[in-house]
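There are 2 protein chains.
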Amino acid sequence: MGKDKKLVEAITSMETDFAQWYTDVVKKAELIDYSSVKGCMVIKPAGYAIWENIQQELDRRFKETGVENVYMPMFIPESLLQKEKDHVEGFAPEVAWVTHGGLNPLQERLCVRPTSETLFCDFYANDIQSYRDLPKCYNQWCSVVRWEKETRPFLRSREFLWQEGHTAHATAEDAEERTLMMLNLYADFCEEVLAIPVIRGRKTDKEKFAGAEATYTIEALMHDGKALQSGTSHNFGDGFAKAFGIQYTDKDNKLQYIHQTSWGMSTRLIGGIIMVHGDDSGLVLPPKIAPVQVMVIPIQQHKEGVLEKAGGLKDTLKAAGIRVKMDDSEKSPGWKFAEQEMRGIPIRMELGPKDIEARTCVLVRRDTREKTVCALEDVASTVATLLDTIQNDMFARAKAHRDSHITDVVSYQELKDAVEHKPGFIRAMWCGDEACELKIKEDTTATSRCLPFGDHEAISDVCVCCQKPAHKLVYWGKAY
Amino acid sequence: MGKDKKLVEAITSMETDFAQWYTDVVKKAELIDYSSVKGCMVIKPAGYAIWENIQQELDRRFKETGVENVYMPMFIPESLLQKEKDHVEGFAPEVAWVTHGGLNPLQERLCVRPTSETLFCDFYANDIQSYRDLPKCYNQWCSVVRWEKETRPFLRSREFLWQEGHTAHATAEDAEERTLMMLNLYADFCEEVLAIPVIRGRKTDKEKFAGAEATYTIEALMHDGKALQSGTSHNFGDGFAKAFGIQYTDKDNKLQYIHQTSWGMSTRLIGGIIMVHGDDSGLVLPPKIAPVQVMVIPIQQHKEGVLEKAGGLKDTLKAAGIRVKMDDSEKSPGWKFAEQEMRGIPIRMELGPKDIEARTCVLVRRDTREKTVCALEDVASTVATLLDTIQNDMFARAKAHRDSHITDVVSYQELKDAVEHKPGFIRAMWCGDEACELKIKEDTTATSRCLPFGDHEAISDVCVCCQKPAHKLVYWGKAY
């Protein structure tokens, strides 16, 4: 009973303490556990199953664009990490160093990969000789390590799981095309599968990836009004190629440098799902990513025929391709409801003797708690339609929330007021000077999230900070 | 041309130098590349795609038995590694140590997991309280590090990919049942999917896993007559539970120690596939694991209609669920044939103007090089049947080879002669004394592979080494 009780104890409400609410959800929905290694988490079955669904869907989309999977070593020799100046400056302060192998000190210390650009470059330098070898579109699924000081489950941990794509191209145009293709793939995945609307844009030079010419990003808004950088795609131009000497002979037999990209998404997305869709009863999972889409809960399950009928409905749904489980444990229906809600299972199906007599069952949506009575003969099609409806409604609600939390500001005072009093994205004009960006961050803790793609009406013609002429529209916000 | 040329250059023949043949195949079939990190390899797309197929099929079989996937940290604090005495003795000499995080020395050094028993124990100690929490059947897919001195691609590398299952049970019987269930799952997988026949058995105490009560193994025979330990399953009894204090309250409210198992298979399997099925033209992949099952090679592809027809056949096969590619590059058919053979693609489909006129195509088996003419209208069913035939024939050939390389010996002189002159498994009686096992290893380099399951006729009633009474039949052999 101890365990059941913990599950359905009330969690901290979002309003009271959003950070504590988040921690309560990740623990009580049994997504993670803390480990003996500070800053590293154990991803439990309910959490890992979400990651497996993310992997499967992303991997399928990658492969449709010609990406192939590979695996690089997890160690990077110090000399290799140091080959690209900006890159090493960005990562060296936060890597874990291996200094001993077995009982012996290593001749050269190795860092545990924080990201694998240097390894891919080292590989491409040998693997690419001719224009016929291009493009190379490789990806790997792996874990990486960054020795962060402050850690939070999924959002920032010393080790996390991700995919990192690394491509090599003949021309700058091909590299730019791939960079944007992957950013758009990420954005579509977030919106279509995770029901998370995103702003697509470009990072400022200050915020771009160490060693990149350009970093593109998708930015999502969490329920508390803070932004979450949810995926990035980098165009390296030929910077790494020059540092690593990666050249190919073109059709005219001339040596050319390759152009490269990299792009990644991580278990951080699970943090995003929690903070966009969750509520005070726990997790709310979009049907397309939910490991269990329907939980069948028999009522008065000891009465004759109930368990049998409920099991039959489960089989019907399973045969229709729906991910379904039945909770026939000895817990009370009330406990089971609370557990199913905490775990974010999109639909609860209740079935008791009276329902059976009426040849119906009750479907309860996790997102709205709305109940509908469903004829047993229509159960598979009704549930399938309801799952689609939930998916669409969740996206629409998240988008409405995001759109109602965007504040346009012109003056510096407005900016400061907005950061303090209006949680969400702030849109303001920027002159392009890094000094203004730094000042805004120092004064308000808000950072530039991105310069959004597409044409946007100018909010003003001067910089929100220095009042000099400005043409760039920027999304600002506090961020995870 | 440089690249094409390298591919179809003759490789070292097996007879001349088996080790060099192996290295040639892994490189020229483009499975791996060496990296700047000594002892760590880059797994290239053709190699990683085999691993993905292995993962997918094993993972499906695991889940059918109730296994759930999780993810544990890659680091183990030194104090945690040391909690189980035998285990730390077995692994501490060959682990990589992280001593610095960012710019600061760590208070306690961390090893990069060589295996994760200690992490799972640490987790279970918190996670398991009651009999209702049992069993726990968890698995993770990850990479592990063992600082080996001698390394060979797939067979022994400092970092390798694997899965490690870790289960917790209420009773010794439940743990033993799970240990054997997973060993049998591994054996069936090897035989049904990889077409590799295996001997199932138990390791001697000397050869068992550090910290295990019993280790079960599947042993396969490579083409050169050496054994490859291909998967192991360990029963830990309550040894780790006592070292880590993992107890649960049973139905009578009494504290009991849990009983544990672990089991693993790795990228080493890819080395096994190469050495069981490969030949002097390169890799030969069993159809069920081959990333590409059929390569369509158009002949005189510039003649009108050839590419179109070949493309149509490719689409027909694809629609029938067959993994198919077409090589319409500018290389000559001869180059393409050699490449397809080097990569081990099970079937080559040749189609030229004369074939089209005759409404046929030519199918060439990779394993036997046998050619058959196939009516175009039957292509999907003929190819599907041929893939099954190849799979079955490959298993039968590997089994015949294995069975014809088992030598029964009674005297010590026979044993020594057999190790020297008859590559393969040697069966001999053993008294059970570790001293005899050690002497055999020292005198012959052969090791005990396993005590096979089931009833076996006694070869003799005395130990092959000491001539004392013996009841145990043992498979011996040189091993990778």
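As they're listed, the protein sequences go chains A and B. Residue 402 in this note's numbering sits at position 402 of the first sequence; the count goes up by one each step and never skips. Residue 362 in this note's numbering sits at position 362 of the second sequence; the count goes up by one each step and never skips. Every residue gets a Cβ at the ideal spot worked out from N, C-alpha and C, and that includes glycine. Computed from a prediction, not measured in an experiment: that's the story for all the values here.
{"Asked": "Cβ-based neighbour list, residue 205/B, same chain, cut-off 8 Å, excluding 5 preceding and 5 following", "Found": "434"}
{"Asked": "Short-range partners of chain A found in the segment 88-99 of chain B, where Cβ spacing is below 9 Å", "Found": "92, 93, 94, 95, 96, 97, 98, 99"}
{"Asked": "C-beta contact flag for residue 314/B and residue 296/B at 8 Å", "Found": "yes"}
{"Asked": "Extent of the continuous alpha helix (DSSP H) run through residue 295/B", "Found": "No alpha helix (DSSP H) contains residue 295/B, which is instead part of the beta strand (DSSP E) from 294-298."}
{"Asked": "Nearest-angstrom Cβ-Cβ length linking residue 39/A and residue 158/A, presumed shorter than 8 Å", "Found": "4 Å"}
{"Asked": "Continuous alpha helix (DSSP H) stretch holding residue 264/B: start and end", "Found": "That residue, residue 264/B, is in no alpha helix (DSSP H); its beta strand (DSSP E) goes 259-266."}
{"Asked": "Identified DSSP bridge partners for residue 451/B", "Found": "202/B"}
{"Asked": "Burial state of residue 239/B, where buried means 16 or more other Cβ atoms lie within 10 Å", "Found": "buried"}
{"Asked": "Extent of the continuous alpha helix (DSSP H) run through residue 431/A", "Found": "Where residue 431/A is concerned, there is no enclosing alpha helix (DSSP H), given that its DSSP letter is neither H nor E."}
{"Asked": "6 Å CB neighbourhood of residue 146/B in its chain, flanking five on each side removed", "Found": "94, 114"}
{"Asked": "N- and C-terminal bounds of the beta strand (DSSP E) containing residue 326/B", "Found": "324-326"}
{"Asked": "Contact between the segment 128-143 of chain B and the segment 51-68 of chain A (3+ Cβ pairs under 8 Å)", "Found": "no"}
{"Asked": "Residue interval of the alpha helix (DSSP H) (run including residue 221/B)", "Found": "Segment 214-221 is the beta strand (DSSP E) holding residue 221/B; no alpha helix (DSSP H) there."}
{"Asked": "Residue range of the alpha helix (DSSP H) that includes residue 91/A", "Found": "85-91"}
{"Asked": "Three-pair Cβ contact test at 8 Å for the segment 394-409 of chain A versus the segment 434-444 of chain A", "Found": "no"}
{"Asked": "Counted within 10 angstroms of its Cβ, other Cβ atoms place residue 423/A as buried (16 or more) or exposed", "Found": "buried"}
{"Asked": "Secondary structure of residue 474/A, DSSP reduced to three states", "Found": "strand"}
{"Asked": "C-beta contact flag for residue 350/A and residue 390/A at 8 Å", "Found": "no"}
{"Asked": "Local Cβ density within 10 Å of residue 475/B, reported as buried at 16 or more and exposed below that", "Found": "buried"}
{"Asked": "Contact set for residue 198/A: own chain, Cβ-Cβ below 7 Å, skip 5 residues either direction", "Found": "187, 190, 191, 218, 219, 220, 230"}
{"Asked": "Touch test, the segment 275-293 of chain B against the segment 160-173 of chain B, Cβ-Cβ under 8 Å, three pairs minimum", "Found": "no"}
{"Asked": "Rounded C-alpha distance that separates residue 420/B from residue 226/B", "Found": "12 Å"}
{"Asked": "Neighbourhood of residue 468/B by C-beta distance below 6 Å, restricted to the same chain and skipping five residues each side", "Found": "431"}
{"Asked": "Residue-chain proximity (residue 43/B, chain A), Cβ-Cβ < 8 Å", "Found": "yes"}
{"Asked": "Close Cβ partners of residue 257/A (< 7 Å) along its chain, the five nearest in sequence each way excluded", "Found": "238, 241, 242, 246, 247"}
{"Asked": "Neighbouring residues, chain A, relative to residue 533/B (Cβ below 8 Å)", "Found": "An answer regarding residue 533/B cannot be provided, because it is not within the stretch 1 to 480 covered by chain B."}
{"Asked": "Element boundaries [alpha helix (DSSP H), containing residue 391/B]", "Found": "379-403"}
{"Asked": "Rounded C-alpha distance that separates residue 343/B from residue 321/B", "Found": "21 Å"}
{"Asked": "Neighbour list for residue 147/B in chain A, Cβ cutoff strictly below 7 Å", "Found": "101, 102"}
{"Asked": "Beta-carbon neighbours of residue 287/A, restricted to chain B and to distances below 7 Å", "Found": "Neighbours of residue 287/A on chain B: none; closest Cβ ~21 Å, over 7 Å."}
{"Asked": "Proximity to residue 211/B [Cα-Cα], best of 77/B, 88/B, 121/B", "Found": "88/B"}
{"Asked": "Chain-ordered chain A contacts of residue 74/B [CB-CB under 7 Å]", "Found": "143, 159"}
{"Asked": "Three-way DSSP call (helix, strand, coil) for residue 19/A in this model", "Found": "helix"}
{"Asked": "Beta-carbon separation (whole angstroms), residue 96/B vs residue 112/B, contact threshold 8 Å", "Found": "5 Å"}
{"Asked": "Backbone secondary structure at residue 61/A - three-state DSSP", "Found": "helix"}
{"Asked": "Span of the beta strand (DSSP E), counted from its first residue to its last, around residue 75/A", "Found": "75-77"}
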